[in-house]
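Asks:
Protein chains: 2
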Amino acid sequence: MPNPILVEVTRGNLVESRHGGAVAVVDADGATVLALGDVAAPVFPRSAIKAMQALPLVESGAADRFGFGEEELALACGSHGGEPAHVAGVERMLRAAGLDVAALACGTHWPLHQPSGQALARAGGTASALHNNCSGKHAGFLCAACAMRAETGGYVEPAHPVQREVKAVLEDLSGAAIPDEHRGIDGCSVPNWAMPLADLARAFARFATGHGLAPRRAAAAQRLRAACAAKPWFVAGTGRFDSALMEHFGARMFVKAGAEGVHCGALPDLGCGIAVKCDDGHGRAAEVMITAVIARLRRLDGSDREFLARFTSPALRNWKGTVVGGIRPTDALDAPSSRSART
Amino acid sequence: MPNPILVEVTRGNLVESRHGGAVAVVDADGATVLALGDVAAPVFPRSAIKAMQALPLVESGAADRFGFGEEELALACGSHGGEPAHVAGVERMLRAAGLDVAALACGTHWPLHQPSGQALARAGGTASALHNNCSGKHAGFLCAACAMRAETGGYVEPAHPVQREVKAVLEDLSGAAIPDEHRGIDGCSVPNWAMPLADLARAFARFATGHGLAPRRAAAAQRLRAACAAKPWFVAGTGRFDSALMEHFGARMFVKAGAEGVHCGALPDLGCGIAVKCDDGHGRAAEVMITAVIARLRRLDGSDREFLARFTSPALRNWKGTVVGGIRPTDALDAPSSRSART
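Here's what the structure looks like:
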């Protein structure tokens, strides 16, 4: 059975496009809080799990050894826009470990933040691996490799100690073994492990609460979450969804996008983790899915409600700024109770 | 009933994302050649119908009066990348009518062709409405308004003579009246009219063959198609799908993308028009849909087959150039006969 249509895109009086998807909200014990669609099929979390991929950076002692503060930890957990302060932070991380851009195996793309790319070109510069949105995560892997006394070369290979540790972390957090055949190669060349949405949501619940984790791991997760809550701009950047939500909600919320329509998050005080996947890979729909779920789960005051509405039902404007349509949750996503509360 | 899944995106051993959609192939008399999914629901064709929106430019006499050749007509039918020769062509069109960039109401965006945008920034320039992918269409509207002795101001309004004529053209080509409530505003601010895919496909069959059209309209359509076949780079640009297909197939094929996963085309010698819509609006899937349909319809020799395979089942590479997955038609799209012929 196909997943339900959770998000619609309108133009004029008509629905122009439709997005199916699945949603899992799970607590740290693995109990289902909400499930829509198929939450058992394996899904590549892509960049949504960067904060979990950053656990070895803290647990290995590298973060302390290299004197990393909240900005560096948020960069390791983030998909940055390649804005100047993002790039400077990643350079700082590499320099602390005696490395430079040549050590990065993530590949090169121009900054996601368009004005930063234009400024780079205007200054006669060109893109490097530092501008890759994953360079903070990769700097974190390299620093972890140093602290683990592993070779830095080959740090993206599945057999490298850092990547083996990442897989063990994901299995510990989710409470489920991941078959080797669920390995894919991510856009930045590291292994990415497909997991059921329900397992992903449970992993986020445990990452957010520490329940069921060894004390050292729980403390490392807490430190990474606190860094993202304190410096959300370093997790994404100017005008970006994840930064905006964590700036508003602070430590009450963790959210992180992945490519291909994955979005994960956690509400630490409510003790639950969230994982959504838009079937077709569209991030615009995944953002509506996760905000609609947050609006269902969290008791919102007026200012929270007003803030979230911008993301739950964003207007679509054309190049002249005219509103031509919008994006909205369907009834299948937006429970009648929260719907009537909104209108 | 939801539309069938027509395209899958893979990573490693798994399907990562899925695209549903609908396909209509219709001849000039309206007879169905192929129908997959719901071909009766209204779909905004967006930029896929630019060649039809350019008919008033030719029929009004503007193209002759201003001495437009194949490049200008292809620009009017196209969604260009904002490369320097695209921009120069649009400026030439405006100048011929005594106008300049200030007359364009399409709004501004940076060139779709990233290296051209970077070169523009490097030279200290900034984007203007000339770089908008729709500026050639808009220049065509303005020139048509001049020849029709209408005001150029307000040429994007539904009540303007040029836009009224565009609607009449679409109804004539499709053979079906379009209700006023099916009007939306396009990304470039002109009216866009939602039509059933089956009607759109019929419109393309008539555009491509002239069957059932007044001789003057048939001749105008023929002139626009010939311009696109002769100068396909001006319809899209470097590395772009529509340009690549028309460069290879020449006058044997017309193809044009629209936003939100619409792709239309025609095979003039086979007498049929094609309209596809990816439900979720993803262009990567619409390209696979229309190439798979073309491969089903057209008897392909070895070089055609090899050429099309790049677009029917493209590989996905990451930032390092590693193949990490691919995009492929499902059995619902790729008939078993053509499938076995390919493998």
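Here the protein sequences come in this chain order: D and B. Residue 203 in this note's numbering sits at position 154 of the first sequence, with consecutive numbering throughout. Residue 65 in this note's numbering sits at position 16 of the second sequence, with consecutive numbering throughout. All C-beta atoms, glycine included, are put in the ideal place defined by N, C-alpha and C. Computed from a predicted structure; not experimentally measured.
1) Please state whether the Cβ-Cβ distance between B/Val56 and B/Ala293 is less than 9 angstroms.
2) Which residues of the region 222-244 of chain B have a Cβ closer than 8 angstroms to any Cβ of chain D? Give them in chain order.
3) Closer than 8 angstroms is the cut-off here; do at least three beta carbon pairs connect the region 299-308 of chain B with the region 94-105 of chain B?
4) Taking DSSP as the reference, what is the three-state secondary structure of B/His209?
5) Looking at the unbroken beta strand (DSSP E) that takes in D/Asp200, where does it start and where does it end?
6) What do you get for D/Pro245, buried or exposed, if any count of 16 or more other CB atoms within 10 angstroms of its CB means buried?
7) Locate the alpha helix (DSSP H) running through B/Glu108, then write down its first and last residues.
8) Do we get a CB-CB distance below 9 angstroms when we pair B/Cys313 with the residues of chain A?
9) Name the residues in the region 162-173 of chain B whose C-beta lies less than 9 angstroms from a C-beta of chain D; which are they?
10) Have a look at B/Cys237 and D/Pro164 and give me their C-alpha separation to the nearest angstrom.
11) What are the residues in the region 361-390 of chain D lying within 8 angstroms of chain B by C-beta distance?
12) Enumerate in chain order the residues of its own chain whose CB-to-CB distance from B/Pro210 is below 8 angstroms, with the five nearest sequence positions on each side excluded.
13) Against D/Pro91, what residues of chain B qualify as contacts under a CB-to-CB distance less than 8 angstroms, listed in chain order?
14) Is D/Asp76 helix, strand or coil when you go by DSSP?
15) Among the candidates D/Ala112, D/Gly130, D/Ala80, D/Pro51, whose CA atom is the shortest distance from the CA of D/Gly286?
16) Determine the closest residue to B/Met338 out of B/Arg301, B/Leu365, B/Ala381, B/Gly299, with distance taken between C-alpha atoms.
17) I'd like the span of the alpha helix (DSSP H) that includes B/Ile54, first residue to last.
18) Just to check my reading of the structure: D/Leu191 and D/Leu143 have Cβ atoms closer than 8 angstroms, yes? What is that Cβ distance to the nearest angstrom?
19) Does any CB atom of chain D fall closer than 9 angstroms to the CB of B/Ala334?
20) When the distance is taken between beta carbons, is B/Ser128 closer than 9 angstroms to B/Val284?
21) Are B/Arg301 and B/Arg251 closer than 9 angstroms when you measure CB to CB?
22) To the nearest angstrom, how far is it from the Cα of D/Phe356 to the Cα of D/Gly332?
23) So B/Val58 contacts chain D; which residues on that side make the cut at Cβ distance below 8 angstroms?
24) Could you please give the first and the last residue of the uninterrupted alpha helix (DSSP H) stretch that includes D/Gly351?
25) Considering Cα atoms alone, identify which of B/Val215, B/Ala145, B/Pro133, B/Ala217 is closest to B/Leu177.
26) Taking the straight line between their C-alpha atoms, what separation do you get for D/Leu63 and B/His231?
27) For B/Phe298, which option in B/Pro91, B/Ala73, B/Arg354 has the closest C-alpha, if you only look at C-alpha atoms?
28) Along the beta strand (DSSP E) that carries D/Phe303, what are the first and last residues, could you check?
29) If we cut at 9 angstroms on Cβ distances, does B/Pro51 have a partner in chain D?
30) Note down the Cα distance separating D/Gln212 from D/Leu122, rounded to an integer number of angstroms.
31) For D/Val82 and B/Gly61, I'd like the C-alpha separation in whole angstroms.
32) Quick check on D/His68 - is its C-beta less than 9 angstroms from some C-beta in chain B?
33) Does DSSP put B/Met142 in a helix, in a strand, or in coil?
34) Mind listing the chain D neighbours of B/Gly156? Cutoff is C-beta to C-beta under 7 angstroms, in chain order.
35) Using the C-alpha atoms, what's the distance from B/Gly375 back to B/Ala225?
36) Distance, Cα to Cα, D/Arg141 vs D/Ala208?
Replies: According to the data block:
1) As a working note, residue 56 of chain B is residue 7 in the second sequence. As a working note, residue 293 of chain B is residue 244 in the second sequence. Cβ atoms of B/Val56 and B/Ala293: not closer than 9 angstroms.
2) The residues in question are Glu230, His231, Arg232, Gly233, Ile234, Asp235, Gly236, Cys237, Ser238, Asn241, Ala243.
3) Remark: three or more beta-carbon pairs, one from each stretch, lie closer than 8 angstroms, so the region 299-308 of chain B and the region 94-105 of chain B are flagged as touching.
4) Taking the first residue of the second sequence as 1, we reach residue 209 of chain B at position 160. Three-state DSSP puts B/His209 in coil, outside helix and strand.
5) The residue you call residue 200 of chain D lines up with position 151 of the first sequence. Contrary to the premise, residue 200 of chain D reads as Glu rather than Asp in this sequence. First-last for D/Glu200: undefined, no H or E at that position.
6) Taking the first sequence and counting its residues from 1, one reaches residue 245 of chain D at position 196. With 16 or more Cβ atoms within 10 Å of its Cβ, D/Pro245 is classed as buried.
7) As a working mapping, residue 108 of chain B is identified with position 59 in the second sequence. Run containing B/Glu108: 104-108, per the alpha helix (DSSP H) assignment.
8) No chain A appears in the structure shown, which is made up of the protein chains D and B.
9) From the region 162-173 of chain B, only Gln163, Gly166, Gln167, Ala168, Leu169, Ala170, Arg171, Ala172, Gly173 have a Cβ closer than 9 angstroms to chain D.
10) Here residue 237 of chain B refers to the residue found at position 188 when the second sequence is read from its first residue. Here residue 164 of chain D refers to the residue found at position 115 when the first sequence is read from its first residue. Answer to the nearest angstrom: the Cα atoms are 22 angstroms apart.
11) Of all residues in the region 361-390 of chain D, the ones placed with a Cβ closer than 8 angstroms to any Cβ belonging to chain B are Asn367, Trp368, Lys369, Gly370, Thr371, Val373, Gly374, in chain order.
12) Sequence index remark: in the second sequence, residue 210 of chain B carries index 161 (1-based). Counting only Cβ-Cβ distances below 8 angstroms, and skipping sequence neighbours, we find Ala194, Met197, Ala199.
13) Locating residue 91 of chain D in the first sequence gives position 42, where the first residue counts as 1. Those within 8 angstroms of D/Pro91 in chain B are Leu63.
14) The residue given as residue 76 of chain D occupies position 27 in the first sequence. Strand.
15) Here the question's residue 286 of chain D lines up with position 237 in the first sequence. When only C-alpha atoms are compared, the closest one is D/Gly130.
16) Here residue 338 of chain B refers to the residue found at position 289 when the second sequence is read from its first residue. Closest option to B/Met338, judged by alpha-carbon separation, among B/Arg301, B/Leu365, B/Ala381, B/Gly299: B/Ala381.
17) Along the second sequence, read from residue 1 onward, the residue named residue 54 of chain B stands at position 5. B/Ile54: not part of any alpha helix (DSSP H); member of the beta strand (DSSP E) spanning 54-60, first to last residue.
18) For the purposes of this step, residue 191 of chain D is taken as the residue at position 142 of the first sequence. For the purposes of this step, residue 143 of chain D is taken as the residue at position 94 of the first sequence. The Cβ separation is near 7 angstroms, so the contact holds.
19) Here residue 334 of chain B refers to the residue found at position 285 of the second sequence. Taking Cβ atoms only, chain D reaches closer than 9 angstroms to B/Ala334, which makes this a yes.
20) In the second sequence, residue 284 of chain B corresponds to position 235, counting from 1. In the second sequence, residue 128 of chain B corresponds to position 79, counting from 1. Cβ atoms of B/Val284 and B/Ser128: closer than 9 angstroms.
21) Taking the second sequence and counting its residues from 1, the one referred to as residue 301 of chain B is at position 252. Taking the second sequence and counting its residues from 1, the one referred to as residue 251 of chain B is at position 202. In this structure, B/Arg251 does not lie closer than 9 angstroms to B/Arg301 by Cβ.
22) Here residue 356 of chain D corresponds to residue number 307 of the first sequence, with the count starting at 1. Here residue 332 of chain D corresponds to residue number 283 of the first sequence, with the count starting at 1. If you draw a straight line from the Cα of D/Phe356 to the Cα of D/Gly332, it comes to about 19 angstroms.
23) Here the question's residue 58 of chain B lines up with position 9 in the second sequence. Neighbourhood of B/Val58 in chain D, by CB distance below 8 angstroms: Glu309, Gly330, in chain order.
24) Here residue 351 of chain D refers to the residue found at position 302 when the first sequence is read from its first residue. Unbroken alpha helix (DSSP H) run through D/Gly351: 351-361.
25) Counting from one through the second sequence, the residue named residue 177 of chain B turns up at place 128. Before going further, note that residue 177 of chain B is Ser rather than Leu in the sequence given. Nearest C-alpha to B/Ser177: B/Pro133.
26) Start at 1 with the first residue of the first sequence, and residue 63 of chain D comes out as number 14. Start at 1 with the first residue of the second sequence, and residue 231 of chain B comes out as number 182. Their backbone Cα atoms lie some 7 angstroms apart in a straight line.
27) The residue labelled residue 298 of chain B in the question sits at position 249 within the second sequence. The shortest Cα separation from B/Phe298 among B/Pro91, B/Ala73, B/Arg354 belongs to B/Arg354.
28) The count along the first sequence starts at 1 and reaches residue 303 of chain D at position 254. Residues 303-307.
29) For the purposes of this step, residue 51 of chain B is taken as residue 2 along the second sequence, with counting starting at 1. So yes, B/Pro51 belongs to the interface.
30) Here residue 212 of chain D is taken as the residue at index 163 of the first sequence, counted from 1. Here residue 122 of chain D is taken as the residue at index 73 of the first sequence, counted from 1. Separation of D/Gln212 and D/Leu122 (C-alpha to C-alpha, rounded to the nearest whole angstrom) is 18 angstroms.
31) Numbered from its first residue, the first sequence carries residue 82 of chain D at position 33. Numbered from its first residue, the second sequence carries residue 61 of chain B at position 12. Roughly 31 angstroms between the two C-alpha positions.
32) Position 19 of the first sequence, counted from the start, is the residue given in the question as residue 68 of chain D. Cβ-Cβ to chain B under 9 angstroms: yes for D/His68.
33) What you label residue 142 of chain B is simply residue 93 of the second sequence in a count that begins at 1. Correct three-state label for B/Met142: helix.
34) What you label residue 156 of chain B is simply residue 107 of the second sequence in a count that begins at 1. Ordered by position in chain D, the residues that pass the 7 angstroms Cβ test against B/Gly156 are Asn367, Trp368, Lys369.
35) For the purposes of this step, residue 225 of chain B is identified with residue 176 of the second sequence, where counting begins at 1. For the purposes of this step, residue 375 of chain B is identified with residue 326 of the second sequence, where counting begins at 1. Straight-line Cα distance between these residues: approximately 39 angstroms.
36) Residue mapping note: residue 141 of chain D aligns to position 92 of the first sequence, counting from 1. Residue mapping note: residue 208 of chain D aligns to position 159 of the first sequence, counting from 1. D/Arg141 and D/Ala208: Cα-Cα distance of roughly 27 angstroms.
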